[in-house]
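As you go down the protein sequences, you meet chains A and B in turn. Here the numbering used here is used: the first residue of the first sequence is 1, the next is one more, and so on. Here the numbering used here is used: the first residue of the second sequence is 1001, the next is one more, and so on. For glycine and all other residues, C-beta sits at the position ideal for the given N, C-alpha and C. Since this is a predicted model, take the numbers as computed values, not measurements. Let me begin by presenting the structure, written as structure tokens, before commenting on it.
There are 2 protein chains.
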Amino acid sequence: MYNHAPEGYICPICLAVQGIESEQTMAKQSDIVYRDALTLVYVNSKFVGNNPGHVIVVPTAHFENLYDLPVEYAHAIVETSQKLAQALKAVRKCDGVWIEQNNEPASGQHAFHYHMHIIPRFEDDDLRNELAKGNTRVTEASERLPYAEALRAYLGT
Amino acid sequence: MYNHAPEGYICPICLAVQGIESEQTMAKQSDIVYRDALTLVYVNSKFVGNNPGHVIVVPTAHFENLYDLPVEYAHAIVETSQKLAQALKAVRKCDGVWIEQNNEPASGQHAFHYHMHIIPRFEDDDLRNELAKGNTRVTEASERLPYAEALRAYLGT
Chain A
1 MYNHAPEGYI
11 CPICLAVQGI
21 ESEQTMAKQS
31 DIVYRDALTL
41 VYVNSKFVGN
51 NPGHVIVVPT
61 AHFENLYDLP
71 VEYAHAIVET
81 SQKLAQALKA
91 VRKCDGVWIE
101 QNNEPASGQH
111 AFHYHMHIIP
121 RFEDDDLRNE
131 LAKGNTRVTE
141 ASERLPYAEA
151 LRAYLGT
Chain B
1001 MYNHAPEGYI
1011 CPICLAVQGI
1021 ESEQTMAKQS
1031 DIVYRDALTL
1041 VYVNSKFVGN
1051 NPGHVIVVPT
1061 AHFENLYDLP
1071 VEYAHAIVET
1081 SQKLAQALKA
1091 VRKCDGVWIE
1101 QNNEPASGQH
1111 AFHYHMHIIP
1121 RFEDDDLRNE
1131 LAKGNTRVTE
1141 ASERLPYAEA
1151 LRAYLGT
């Protein structure tokens, strides 16, 4: 419903779920911090402002957005988001957790596979301004690795 | 877990759920657009920038944040959020839907009862900048009424 993926879209998130690294996939297998039958979580390849190392929760099957998500996946995603919010609190000693989930390009959706951002918040991180300025940068996998390793150690994954 | 409500906190969202209007409650009963055993939805009393009439989903029992939410409420909230996202698409003819959910003051949480924002998005609404500028305003119930009535008519509530 209200899908925007172009004809022949090669879904980078499906590739990541399948364990494939290619030119289409910014996410590397070393970014993955959690997996169950219905959900996958990885450290986002883009870091935002003063909130590096945030994570993305996705369904393991392809659905473009919230409107399309079958109920079993919707349930699994919210359960996984809780696990990760608690993990970020423990591992990052963050002062809060921000959930953002964008549906359709007008809402800022760029990858056409449902995904939820879970961002550790810190006092005075000025996140809204950083996001408004578009202050994000694509990182190397090596820069993401310590964030992924700390979450895997905490989650036992 | 990680709760911030001060001692003796009078929860405005619990009052709204209980059908009570008072000085503590910005939400009026006429703002409510959907209710089931575990969730309640109302038109937010604050309008944001160019995206007026967005809605808030809350659990009908008191939990401060995502960390604390029992799984049955978490499931119900994501199901209700889907209903409302689809309703906003139909009623507002919006171009997208934005989900935001803030945990703890450092993440911008002001009311200490879990709540999820569901915001209709429009091309060029410049929402990130409007939010960064803090461009929100408290409205009169009468201004919210057409938004609530349109959603109730669609949802049959």
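- Would you kindly report the start and end of the unbroken beta strand (DSSP E) that includes residue 101 of chain A? Annotation for residue 101 of chain A: the continuous beta strand (DSSP E) segment containing it runs 96 to 103.
- Can you tell me which of the three DSSP states residue 10 of chain A falls into? It is coil, neither helix nor strand.
- Message: For a test of the three-state rule: what should DSSP assign to residue 46 of chain A, helix, strand or coil?
- Response: Here residue 46 of chain A sits in strand by DSSP.
- Under 9 Å between beta-carbons, which chain B residues line up against residue 74 of chain A? List them in chain order, please. Per Cβ cutoff of 9 Å: 1075, 1078, 1079, 1081, 1082.
- Message: My output table needs one value for residue 1120 of chain B: the three-state DSSP class, helix, strand or coil.
- Response: Three-state DSSP puts residue 1120 of chain B in a strand.
- Item | Any chain A beta carbon closer than 7 Å to residue 1090 of chain B | Closer than 7 Å to the CB of residue 1090 of chain B there is not a single CB belonging to chain A.
- Task: Step through the CB atoms of chain B and report whether any lies within less than 7 Å of the CB of residue 99 of chain A.
- Result: Taking 7 Å as the CB threshold, residue 99 of chain A lines the interface with chain B.
- residue 1035 of chain B - partner residues in DSSP beta bridges: Paired residue(s): B:1040.
- Using a beta-carbon distance below 7 Å, is residue 61 of chain A in contact with chain B? Chain B places no beta carbon closer than 7 Å to that of residue 61 of chain A, leaving this residue out of the contacts.
- Query: When you compare only the Cα positions, how much space is there between residue 113 of chain A and residue 67 of chain A?
  - Reply: Take the alpha-carbon of residue 113 of chain A and the one of residue 67 of chain A: they are about 12 Å apart.
- Item | residue 137 of chain A - partner residues in DSSP beta bridges | Under DSSP, residue 137 of chain A takes part in a beta bridge, and its partners are A:47.
- Message: For the segment 128 to 147 of chain A, list every residue whose C-beta sits within 7 Å of some C-beta in chain B, in sequence order.
- Response: Residues 128, 129, 131, 132.
- Cross-chain neighbours of residue 66 of chain A in chain B, by beta carbon under 9 Å: Result: 1078, 1081, 1082, 1085, 1086, 1097, 1099.
- Between residue 75 of chain A and residue 1075 of chain B, what straight-line distance do the alpha-carbon atoms span, to the nearest angstrom? Each residue's alpha carbon lies about 5 Å from the other.
- Hey, would you say residue 80 of chain A sits closer than 7 Å to residue 57 of chain A, going by beta carbons? Cβ atoms of residue 80 of chain A and residue 57 of chain A: closer than 7 Å.
- Short Cβ contact (7 Å threshold) for residue 4 of chain A with residue 105 of chain A: For residue 4 of chain A and residue 105 of chain A, yes; Cβs fall inside 7 Å.
- Unbroken alpha helix (DSSP H) run spanning residue 77 of chain A, endpoints: For residue 77 of chain A, the enclosing alpha helix (DSSP H) has its first and last residue at 71 to 92.
- If you draw a straight line from the alpha carbon of residue 51 of chain A to that of residue 1157 of chain B, how long is it in whole angstroms? So the two alpha carbons sit approximately 41 Å from each other.
- Query: When you compare only the Cα positions, how much space is there between residue 90 of chain A and residue 1142 of chain B?
  - Reply: Going by the C-alpha atoms only, they are around 44 Å apart.
- Query: residue 116 of chain A: which of A:144, A:73, A:93, A:15 sits nearest, CA to CA?
  - Reply: Looking at A:144, A:73, A:93, A:15, the one whose alpha-carbon comes closest to that of residue 116 of chain A is A:73.
- Give me the Cα-Cα distance between residue 39 of chain A and residue 1014 of chain B, rounded to the nearest whole angstrom. Going by C-alpha positions, residue 39 of chain A is about 32 Å away from residue 1014 of chain B.
- Item | The beta strand (DSSP E) enclosing residue 1052 of chain B, as first and last residue numbers | According to the DSSP assignment, residue 1052 of chain B belongs to no beta strand (DSSP E), since it is labelled neither H nor E.
- Kindly indicate if chain A contains any beta-carbon less than 7 Å away from that of residue 1106 of chain B. For residue 1106 of chain B, the answer is yes, since a Cβ of chain A falls inside 7 Å of its Cβ.
- Message: Give me the chain A residues within the contact set of residue 1002 of chain B, using Cβ-Cβ distance strictly less than 7 Å, ordered along the chain.
- Response: Within 7 Å Cβ-Cβ: 89.
- residue 111 of chain A, enclosing alpha helix (DSSP H) - first and last residue: Taken as a continuous stretch (DSSP letters only), residue 111 of chain A belongs to no alpha helix (DSSP H), as it is neither H nor E.
- Message: Suppose the cutoff is 6 Å on Cβ atoms and the five residues either side in sequence are ignored; what does the same chain contact list for residue 144 of chain A look like?
- Response: Shown here for residue 144 of chain A: same chain residues with a beta carbon closer than 6 Å to its own, the five before and five after excluded, namely 31, 43 in chain order.
- Message: When you compare the CB positions of residue 1152 of chain B and residue 1033 of chain B, do they come within less than 7 Å of one another, or not?
- Response: In contact: residue 1152 of chain B and residue 1033 of chain B (Cβ atoms closer than 7 Å).
- Query: Shorter than 7 Å from the beta carbon of residue 35 of chain A to some beta carbon of chain B?
  - Reply: No, no contact with chain B.
- Item | Alpha-carbon to alpha-carbon, residue 19 of chain A and residue 1107 of chain B | Residue 1107 of chain B and residue 19 of chain A have their C-alpha atoms some 33 Å from each other.
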